[in-house]
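Take the working numbering: the last position of the sequence shown gets the number 722, and nothing is skipped along the way.
Glycine included, C-beta positions come from ideal geometry on N, C-alpha and C.
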Amino acid sequence: MTGMNVETVHQTGHGLPATRSTTAAGSAYRDDLDGLRGLAIALVVVFHVWFGRVSGGVDVFLVLSGFFFTGLVLRRAERAHVPWAWTVVRRTARRLGPAMAVVLAAVVAATIVWQPYTQWSSTAAQVLASMFYVQNWQLAMTWSDYLAADPSVSPLQHLWSMSVQGQFYVAVLITVVVIAWLCARFARPDRTRLVLGVVVVAAGLASFGYAASGTATHQGWNYYDTLARGWELLAGAGLAVIAPYVVLARRIRGALAAAGVAGVVLCGWLIVDGANRFPGPAALLPVAAAAAVILSAAHLSPGDRPWPNRILAHPAMRWLGDLAYPLYLWHWPILIFFLAERGNPHAGIAGGSAVIGISLVLAWLTHRWVELPLRRGAGADRKEPGDKGTRAVWAVVGLLLAATIAVTVGWQSALRVSPASAAEVLDPEKYPGAEALASGAPTPAEPLRPTVFDASADVPPPTGDGCIADWDTREVITCTYGDPDAERTLALVGSSHAEHWLPALQVLAEEHAFRVQVYLKMGCPLTMAADALYKGEPNPDCRDWSAEVIDRLGVDRADWVFTTGTRPRDEGGDETPEDYLAVWSALSDRGLNVVAVRDTPWLRRGTVRYKAADCLAGGGDRISCGMRREDALAPVNPALEPSSAFPSVFPIDLTDAVCEPTVCSVAEGNILIYHDEHHLTASYSRSLAGPLGRALQPILGWW
20 MTGMNVETVH QTGHGLPATR STTAAGSAYR DDLDGLRGLA IALVVVFHVW FGRVSGGVDV
80 FLVLSGFFFT GLVLRRAERA HVPWAWTVVR RTARRLGPAM AVVLAAVVAA TIVWQPYTQW
140 SSTAAQVLAS MFYVQNWQLA MTWSDYLAAD PSVSPLQHLW SMSVQGQFYV AVLITVVVIA
200 WLCARFARPD RTRLVLGVVV VAAGLASFGY AASGTATHQG WNYYDTLARG WELLAGAGLA
260 VIAPYVVLAR RIRGALAAAG VAGVVLCGWL IVDGANRFPG PAALLPVAAA AAVILSAAHL
320 SPGDRPWPNR ILAHPAMRWL GDLAYPLYLW HWPILIFFLA ERGNPHAGIA GGSAVIGISL
380 VLAWLTHRWV ELPLRRGAGA DRKEPGDKGT RAVWAVVGLL LAATIAVTVG WQSALRVSPA
440 SAAEVLDPEK YPGAEALASG APTPAEPLRP TVFDASADVP PPTGDGCIAD WDTREVITCT
500 YGDPDAERTL ALVGSSHAEH WLPALQVLAE EHAFRVQVYL KMGCPLTMAA DALYKGEPNP
560 DCRDWSAEVI DRLGVDRADW VFTTGTRPRD EGGDETPEDY LAVWSALSDR GLNVVAVRDT
620 PWLRRGTVRY KAADCLAGGG DRISCGMRRE DALAPVNPAL EPSSAFPSVF PIDLTDAVCE
680 PTVCSVAEGN ILIYHDEHHL TASYSRSLAG PLGRALQPIL GWW
């Protein structure tokens, strides 16, 4: 390649466009960054498969993405004598789209073949979110745990990073187009790089501050948030702006290269809780390491680069770098389907090796038969038709994409669940539910309700009414149910496991004229703990929310507070945590009476949670899909002993209305008990009104 403006696009990062270029500054093609890409993807795969935590490799990818894409767009803008923006869009779509289409089609097919049909809808939603590059927002809204590589996790969850990058590409392209136009119109065209540099620095600092704040306040959202991740991409963008002007001494280059490679390799070992800390300040390690490698060999020919860069440029590393994008796409779904088939959260040495081997083979096939033919068909950028092989690949990719869209959209449309039908009030003679256990009510032969398709929509009213604070809502939300004009008030307080008792309490409130005032927050039982967690992630909003709710209860003066008094233990059974006692003490100090209900069993096989509907759809029955009672619950209600120290705390236990003597099944009295892994359906909760009323009557004395 010769000449000042020669530019050949190749694949880098997650398939992002980059350039081989020879410029006036004398820069040569950075094959060492191919190796860096290969190293990073190897770490991502190994840490996902065997260590169950993040490696920092994705953060390295984000820096490379920002560096290469911004550099490409900036160079095109500086040669503004020809239209360029649409060419970049077309080129980027060609690099990212085909491999993605192949993997999405394969995941849809594997889901249909191996997964229960109740999971098809969620997979379809994930496919569409990935296809339109909004996957990260879907995961952020559910606080999905990126570390949880187990059978219950989406096979497409890893594509959140592709969504972040896609959104960044759009933002950078628009920004550069606007800046280039403004500079050409009101200043000088050669000011584009300077103005872009100022914008990148300002946006990067704002994003870093936002990410640092989010780590402490809403990490579950922060991890997937494009605005929080932006500073990592913008670090790469900033390097693209300044790299042509950076001149470093040889010793400094060598030190940067060695430190950068060491930082990339050691990041996952030095920061063992990266999912709880990235993209906050802890992510400075992988970002700085990637930046060091990029700067260490700027302007140098391959023979003059420091030895770490030459190692990264080894053919084996470059080969792995060539497979980086398809390997990233394939490894996670292969891992998740493997774990689902085994019903185990851990791949093991042999299983993990098989997962990696299969992923490498599929990545190579995708690279060889999809990416390379389309790369050779770069004549498309010059509006040339390309050869027959290229057209054949495009035809196959187009068919796969069309089929994937048709199947996913069609399935979603066909399975729209009406909340009204899911929440249908059932005839108690045909559907005795809990009374079949609690009072021996006969169970006639009737179809299960809600159905496995309707189960997910059979939820208590606050979820639909917006009367439960979500993961990222700090404010206390309160609503009134039951008889709003009643003189007596019961406060329903805590997490969704308090919420799912509301349908039963509503039946009692209508019968006995009392008001139910709810104070609810997702994933947040009342707690005084300074290190409140949800799914293993810090949840400081929960502590602050709980403190405010306890104060509000002291002011509102409900007659009784109804909340959960136990929770499951990871190793089996259930317990009353120490921080629950602190809550009881705080409520007692305010003169409040408390009903502490024992939490219902959470469905799990070992440490892997599963949905009742999925198990039934997969061929199980209500017993085989349930749990042994001794695995789900302790022999005695754990709240009994500690509550004896609090005269105003009254524990109740409805276990015998949910579980049989030896098994906790997933359906009783023709009613499905769970709408997911651990929440009661509203239908089953309503059937618990009788047993709950009999347990509350001697305590409340209201009927």
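Exposed or buried, residue i, counting other C-beta atoms within 10 Å across all chains shown (16 or more means buried)?
{"i": "K407", "result": "exposed"}
{"i": "E687", "result": "buried"}
{"i": "D323", "result": "exposed"}
{"i": "P300", "result": "exposed"}
{"i": "G282", "result": "buried"}
{"i": "Q716", "result": "exposed"}
{"i": "V380", "result": "exposed"}
{"i": "S702", "result": "buried"}
{"i": "S40", "result": "The predicted model places S40 with a pLDDT of 37, which falls under 50 and marks its position as unreliable, so this point remains unresolved."}
{"i": "D244", "result": "buried"}
{"i": "W105", "result": "exposed"}
{"i": "D589", "result": "exposed"}
Determine the DSSP secondary structure at residue i, reduced to helix, strand or coil.
{"i": "R534", "result": "strand"}
{"i": "W579", "result": "strand"}
{"i": "A168", "result": "At A168 the pLDDT is 48, less than 50, meaning the model places this residue with poor confidence; the figure from the coordinates comes in the next sentence. Of the three classes helix, strand and coil, the one that applies to A168 here is coil, per DSSP."}
{"i": "A43", "result": "Residue placement at A43 cannot be trusted, given a pLDDT of 32 that sits under 50; what the coordinates show is reported in the next sentence. Of the three classes helix, strand and coil, the one that applies to A43 here is coil, per DSSP."}
{"i": "L652", "result": "coil"}
{"i": "W722", "result": "coil"}
{"i": "M150", "result": "helix"}
{"i": "F669", "result": "strand"}
{"i": "A235", "result": "helix"}
{"i": "K402", "result": "With a pLDDT of 44 at K402, under the threshold of 50, the modelled position of that residue is not reliable, and the figure given next carries that caveat. Looking at K402 - three-state DSSP - the assignment turns out to be coil, as it is neither helix nor strand."}
{"i": "I692", "result": "coil"}
{"i": "C683", "result": "strand"}
{"i": "R617", "result": "coil"}
{"i": "R588", "result": "coil"}
{"i": "E597", "result": "helix"}
{"i": "R641", "result": "coil"}
{"i": "R624", "result": "strand"}
{"i": "L246", "result": "helix"}
{"i": "R647", "result": "strand"}
{"i": "L611", "result": "coil"}
{"i": "L393", "result": "helix"}
{"i": "R324", "result": "coil"}
{"i": "L467", "result": "coil"}
{"i": "L699", "result": "strand"}
{"i": "S458", "result": "coil"}
Are the CB atoms of residue i and residue j nearer to each other than 8 Å?
{"i": "A549", "j": "D593", "result": "no"}
{"i": "V537", "j": "L572", "result": "no"}
{"i": "A488", "j": "F533", "result": "no"}
{"i": "T462", "j": "A455", "result": "yes"}
{"i": "S84", "j": "F205", "result": "no"}
{"i": "V280", "j": "P327", "result": "yes"}
{"i": "N689", "j": "E390", "result": "no"}
{"i": "A146", "j": "L123", "result": "According to the sequence shown, residue 146 is Val rather than Ala. Taking 8 Å as the Cβ cut-off, V146 and L123 qualify as a contacting pair."}
{"i": "P522", "j": "S704", "result": "yes"}
{"i": "L62", "j": "G287", "result": "yes"}
{"i": "V616", "j": "F665", "result": "no"}
{"i": "R337", "j": "L691", "result": "no"}
{"i": "L348", "j": "M119", "result": "yes"}
{"i": "A317", "j": "A262", "result": "yes"}
Taking residue i as the reference, which of the options has the closest Cα?
{"i": "R648", "options": "V677, V668, V265 and A636", "result": "V677"}
{"i": "V682", "options": "R705, T626 and R641", "result": "R641"}
{"i": "T194", "options": "R210, V219 and V183", "result": "V219"}
{"i": "S514", "options": "D560, T142 and V655", "result": "D560"}
{"i": "D273", "options": "L258, W250, A311 and L253", "result": "The sequence as given places Gly at residue 273; Asp does not occur at that position. Considering only alpha carbons, the answer is A311."}
{"i": "H516", "options": "V526, P587 and C644", "result": "P587"}
{"i": "G371", "options": "T385, H350 and H386", "result": "H350"}
{"i": "L55", "options": "Y136, Y344 and S706", "result": "Y344"}
{"i": "L509", "options": "L539, W579 and G249", "result": "W579"}
{"i": "L539", "options": "T583, T130 and E530", "result": "T583"}
{"i": "P364", "options": "W133, I60 and G71", "result": "G71"}
{"i": "T482", "options": "N612, D502, D491 and H519", "result": "H519"}
{"i": "A309", "options": "G709, W139, D51 and R576", "result": "D51"}
{"i": "L699", "options": "L213, M150, G216 and A476", "result": "A476"}
Answer yes or no: does any C-beta atom of chain C fall closer than 8 Å to that of residue i?
{"i": "L552", "result": "The structure shown contains no chain C, having only a single protein chain."}
In chain order, each beta strand (DSSP E) run of at least 3 residues that lies wholly inside the stretch 486-572: 497-501, 508-513 and 534-539
Every unbroken alpha helix (DSSP H) inside the stretch 157-227 [4 residues or more]: 179-205
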